[in-house]
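First comes the structure, then the notes that go with it.
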Amino acid sequence: MEGMFGLVDQWITDDKIEFYRENGFVQVDGVLAPEELDELREYAEEAMAAPQEGLSVKTDRPGGTYYKVLNQKVNTWRDHGGMAKYSLHPRFAQIALKLTGAGGIRLFHDHLLWKMPGDSKPTPWHQDTPKWPMNESGALSIWIALDDVDERNGCMMFIPKSHRAGKLKNISLTDPVDIFEYVKGLDIAKEKPVIVPLKAGSCTFHDGLTFHYAFHNQTEKPRRALAIIYMPDGTTYNGNRHIVTDGQGLETGKPIRGPLFPLLAKR
Ligand code: SIN
Ligand code: NI
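Positions in the sequence shown are counted from 1; adding 92 to them yields the numbering used here.
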């Protein structure tokens with residue numbers, strides 16, 4: 093049965109695990125088979141085109157400041173069964189389990205991330221962890237390219253080892269401050285960014301603490317990606333405002349769990 097521990101060995105070797113722990117990110121090629129990529133593209137287009145009223149949320153409208161950085165839809169899996177197939181897929185969660193060494197992996201949320209052509213802005217350097225209402229670090233994202241990506245249409249860039257900086261202040265994606273101001277004089281400041289072009293169907297995993305950036309889209313077509321955020325089982329809620337947890341009755345200091353945050357992989 094796919095999803096059994098061990099069967100992800102074709103994607104994730106000990107070298108990859110070591111690289112992830114050392115650098116805070118790792119590239120995994122061909123995480124989707126060609127027919128899966130076709131299917132996921134179709135589901136993703138349907139989910140993006142669907143009206144707003146469901147359980148998934150678009151975070152801005154065309155013309156908005158955030159939209160120029162990212163045309164984003166959060167929690168597509170709650171409205172679209174096809175998206176659920178991929179956002180809850182054991183293969184990706186098993187890889188996350190191996191990379192983190194956690195006892196279990198839960199879903200935090202998925203999001204489709206389109207970088208639109210036209211008036212496109214880069215995704216500024218930031219960490220993700222400060223945006224999430226979690227006490228512990230350890231949460232991570234898979235970022236799956238649905239189109240080939242490079243510097244011209246919005247591929248990502250990472251600072252190796254920057255996850256060791258710990259949790260810094262939150263950086264707004266629309267009105268950013270320079271994250272490197274926070275690490276002046278530290279070894280991290282000397283690390284060179286690694287640009288990661290990807291073929292469609294390949295992905296990166298990055299730790300929520302790793303500094304990352306995405307180029308603006310200079311092409312005529314949207315740059316499409318599916319990112320899924322995972323957290324180690326037992327990660328606790330810190331009570332901060334977040335679109336995914338607000339109004340869900342979570343208790344500060346208690347683990348984030350329940351039907352909206354399913355356990356996707358465990359040892
Ligand atoms: C992007 O897709 O442009 C950014 C993704 C991220 O910040 O994790
Ligand atoms: Ni990010």
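Built from N, CA and C at the ideal position, the CB exists for glycine as well.
Just so it is clear, the structure is predicted and the values come from calculations on it, not from any experiment.
Identity of the residue in the options nearest residue i by Cα
i	options	result
residue 171	191, 116, 204	204
residue 307	340, 341, 278, 265	265
residue 270	161, 155, 238, 219	219
residue 157	180, 214, 136, 166	214
residue 323	344, 355, 345	355
residue 274	256, 286, 288, 290	256
residue 279	251, 183, 291	251
residue 155	180, 208, 199, 178	208
Inter-residue spacing [alpha-carbon to alpha-carbon] between residue i and residue j
i	j	result
residue 93	residue 293	Interpretation of residue 93 is limited by its pLDDT of 42, a score under 50 that renders its predicted location unreliable; the figure taken from the coordinates is listed afterwards. Distance between the alpha carbons of residue 93 and residue 293: 22 Å.
residue 109	residue 159	34 Å
residue 168	residue 351	15 Å
residue 253	residue 299	10 Å
residue 353	residue 337	10 Å
residue 310	residue 212	7 Å
residue 291	residue 341	40 Å
residue 163	residue 194	31 Å
residue 348	residue 358	16 Å
Residue i, enclosing alpha helix (DSSP H) - first and last residue
i	result
residue 236	Where residue 236 is concerned, there is no enclosing alpha helix (DSSP H), although the beta strand (DSSP E) it sits in stretches over 232-237.
residue 140	126-141
residue 174	173-179
residue 389	As displayed, the chain neither begins before 93 nor continues past 359, which places residue 389 out of reach and without an answer.
Any non-hydrogen atom of the ligand FMN closer than 6 Å to residue i Cβ
i	result
residue 139	With respect to the ligand FMN, the structure shown offers nothing to examine, as its ligands consist of the ligand SIN and the ligand NI.
Range covered by the beta strand (DSSP E) that runs through residue i
i	result
residue 160	That residue, residue 160, is in no beta strand (DSSP E); its alpha helix (DSSP H) goes 157-161.
residue 200	196-207
residue 358	355-358
residue 321	315-324
Whole-angstrom C-beta distance between residue j and residue i, which should lie under 8 Å
i	j	result
residue 232	residue 296	Their Cβ separation, rounded to whole angstroms, is 10 Å, which puts residue 232 and residue 296 out of contact at 8 Å.
residue 325	residue 234	17 Å between Cβ atoms; not a contact.
residue 187	residue 100	5 Å
residue 230	residue 327	7 Å
Inset, instruction - Examine the Cβ distances between the stretch 308-316 and the stretch 239-258 and report whether three or more of them are shorter than 8 Å. - result: yes
Inset, instruction - Inspect the CB distances between the stretch 117-128 and the stretch 145-154 and report whether three or more fall short of 8 Å. - result: no
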